[in-house]
Amino acid sequence: MSDPNGPTVRRRRLGGELRRLREHAGHDQAAAAAHLECSTSKISRLETGQGLAKAMEIRSLLDLYGVTDESERAKILKLHKNAAEVGWWEQAEFEEILPSGLGVYVGLEYDARAVQEWGLGFVSGLLQTEEYARAVFASLPLRPQDEIERLVKVRMQRQKRLTQANGPLELWAVIDEPVLRRPIGGPAVMRAQLKALAESAAQQNITVQVYPANKDVHPGLRGSFSLLEFGPADPRIGYVDSPSGNAFLEKDKQVRALVATFDRLRAGALDPEESATLLNTLAAEEN
Numbered sequence: 001m002s003d004p005n006g007p008t009v010r011r012r013r014l015g016g017e018l019r020r021l022r023e024h025a026g027h028d029q030a031a032a033a034a035h036l037e038c039s040t041s042k043i044s045r046l047e048t049g050q051g052l053a054k055a056m057e058i059r060s061l062l063d064l065y066g067v068t069d070e071s072e073r074a075k076i077l078k079l080h081k082n083a084a085e086v087g088w089w090e091q092a093e094f095e096e097i098l099p100s101g102l103g104v105y106v107g108l109e110y111d112a113r114a115v116q117e118w119g120l121g122f123v124s125g126l127l128q129t130e131e132y133a134r135a136v137f138a139s140l141p142l143r144p145q146d147e148i149e150r151l152v153k154v155r156m157q158r159q160k161r162l163t164q165a166n167g168p169l170e171l172w173a174v175i176d177e178p179v180l181r182r183p184i185g186g187p188a189v190m191r192a193q194l195k196a197l198a199e200s201a202a203q204q205n206i207t208v209q210v211y212p213a214n215k216d217v218h219p220g221l222r223g224s225f226s227l228l229e230f231g232p233a234d235p236r237i238g239y240v241d242s243p244s245g246n247a248f249l250e251k252d253k254q255v256r257a258l259v260a261t262f263d264r265l266r267a268g269a270l271d272p273e274e275s276a277t278l279l280n281t282l283a284a285e286e287n
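First residue of the sequence shown? That's 1 in the UniProt record's numbering, and the numbers climb one at a time after it.
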């Protein structure tokens, strides 16, 4: 398992503690924002782990929430100090080119124990070859080549979680069959991608299933999504990406709906052995 106390999870835990203390004190986010002389959106970002306050701001919030016990204050401040650690994805060369929200997702993925993905448009980013990823990013509007290369570098760096020696990330990817027949980057790039998928599926911590194109209407047609699992103390998180933006789903009802959808897709897909056979067959067809 990855470090269950990585920077993103730490920030989320800190945010959860701040929200709990605020609600216990009977304050809403507007009151906290007025106290810090900031926007309510900043308080919301802090409480969802998508931002990090200064230490003096944390102390000020603890004063507002009536937290006078020194041991509890010390616990929160230590959590804040640990949450201030900078992840590799937050380095300037990457942070400035990552689309809004993707940096948060990469951090969550880094801290996750397992990821389940449904892919409707592209091969899972965690399983893309470098050339396939480059072709995907090249299709984005108004992206200079240096930014494309940095985005590819981020994608390749993310994949290291799958092969790390100590508790690699567990990935279960269900891919819509038309994705595998779309020659992104050209026949040679697609052939290499299909072969790489088949090889990845042979790894113990990776499961790949293909959802047949001849199936009727199914719930996955609404769009791609991911489910991220952490330690027992941290709830599962859903992530949905779309042309209009991305969304993190954390409410129990929302997450349960995604889990049910993924289970239906997994049940309707080819089993892993059949999927591997199809991947090898499609790779041969690209010759």
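From the three backbone atoms N, C-alpha and C, an ideal C-beta is built for every residue, glycine too.
Bear in mind that the values here come from a model prediction, so they are computed numbers and not experimental data.
Under the DSSP assignment, Ala33 falls in the alpha helix (DSSP H) whose first and last residues are Gln29 to Leu36. At least 8 Å separates the beta-carbon of Gln159 from that of Leu197.
Taking a C-beta distance under 8 Å as the contact criterion, Ser139 and Ala201 do not qualify as a contact pair. Distance from the CA of Glu199 to the CA of Glu117, rounded to the nearest whole angstrom, comes to 18 Å.
For a cut-off of 8 Å, the C-beta gap from Gly119 to Ala192 is around 18 Å, too long to register as a contact. Burial is judged here by how many other beta carbons sit within 10 angstroms of a residue's own beta carbon; Leu279 has at least 16 and is buried.
Look at Gly238 here: in three-state DSSP terms it is strand.
In the DSSP annotation of this structure, the continuous segment of the alpha helix (DSSP H) that includes Phe262 starts and ends at Asp252 to Gly268. About 20 Å separates the beta carbon of Val210 from that of Leu258, a gap too long to meet the 8 Å contact definition. Between the C-alpha atoms of Ala247 and Val240 there is a straight-line separation of about 5 Å. A Cβ-Cβ distance of about 6 Å is found for the pair Ala112 and Phe230, placing them in contact under the 8 Å criterion. Judged by DSSP secondary structure, Ile76 falls outside any beta strand (DSSP E) and instead within the alpha helix (DSSP H) spanning Glu70 to Ala83.
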